[in-house]
Structures are given as C-alpha cells and as structure tokens.
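First the structure, in the form of structure tokens, and then the observations on it.
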Amino acid sequence: MSKRDKRLEEWKSNPKPVTNWGTVESDLIYYGFEIDKSGGGSHFQISHHLLIDQGGYGANGEFTIAVKNGRTIKRWALADIVQAIELIERKQNETE
C-alpha cells in the first residue's frame, strides 16, 4: 500500500481536525482534480470531469472548500474531498 493510499485510509477512518493543505493539494492533483483559486479569498474550487452530472456537485463537476490562511483545511472539507475521490475511483473501476 502506497503512502497516498495509507493517507486516504487515515482520512476516511480518523481524520485530524486540521490537515496540511500542501499534502491534500498534491493528492488532488494525483487523482486528476483541477484546483482554481480565483478571487484571492480562502476558497478553492475543486473540479473533476468524472463528477459532472453527479449529485452534490456543480454543472462542471466542481465543489468548493475553504483553506485557512492558505495552509490548512478542516475535517469537514477533507470529508468532502474523500467522498469525491471515492466516487471517482468507483467510476474509473466501472469503465475498466
């Protein structure tokens, strides 16, 4: 099991109250997410083409998370990311 897989399992089972954004960002990029920080605030739009037309996501497969001080994200945002990654993995397995 890779470090990334272990980290994802940790995020699912026992996420820390606050997680380092740099680690999360690198994992999002690995899974093929696009990250848009426009507007200069603390909110990032995260999108993935496999989330298009999925309930709970925008028309372009996007959702928004807040990054505190540009460095950390809270547990609830991490839960949203884990849910999106799991959905993407399921959809990828369906096409194989």
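So the sequence shown is numbered by the working numbering: it starts at 782 and just counts up by one.
The C-beta atom is built at its ideal place from N, Cα and C for all residues, glycine as well.
Every value quoted in this text rests on a predicted model; they were computed, and no experiment measured them.
*Evaluate the contact criterion for the region 833 to 846 versus the region 787 to 800: three or more CB pairs, one atom per stretch, below 8 Å.*
The region 833 to 846, when compared against the region 787 to 800, does not touch it at the 8 Å Cβ threshold.
*Any idea which residues DSSP pairs N801 with across the strands?*
Numbered from its first residue, the sequence shown carries residue 801 at position 20. Per DSSP, T853.
_Proximity winner among E875, A860, G851 and E815, relative to E791 (alpha-carbon distances)_ = Position 10 of the sequence shown, counting from 1, holds the residue named residue 791. It is A860.
*Report all residues from its chain with a CB closer than 6 Å to the CB of E843; omit the five preceding and five following residues, and keep chain order.*
Taking the first residue of the sequence shown as position 1, residue 843 is located at position 62. Cβ within range, chain order: Q826 and S828.
_Bridge partners - A847, DSSP secondary structure assignment_ = Reading the sequence shown from its first residue, position 66 is the one you call residue 847. DSSP lists H824 as partners of A847.
_Let me check understanding here. Comparing Cα to Cα, which of E806, K818 and K849 lies closest to I866?_
Walking along the sequence shown from the start, residue 866 turns up at place 85. Ranking E806, K818 and K849 by CA distance to the CA of I866 puts E806 first.
*Grab me the residues of A858's own chain with a C-beta within less than 6 Å of its C-beta, minus the 5 sequence neighbours each way, in chain order.*
Position 77 of the sequence shown, counted from the start, is the residue given in the question as residue 858. Result list for A858: I846, in chain order.
*With DSSP run on the structure shown, which of helix, strand or coil describes E867?*
Looking up residue 867 in the sequence shown gives position 86. Reduced to three states, the DSSP call for E867 is helix.
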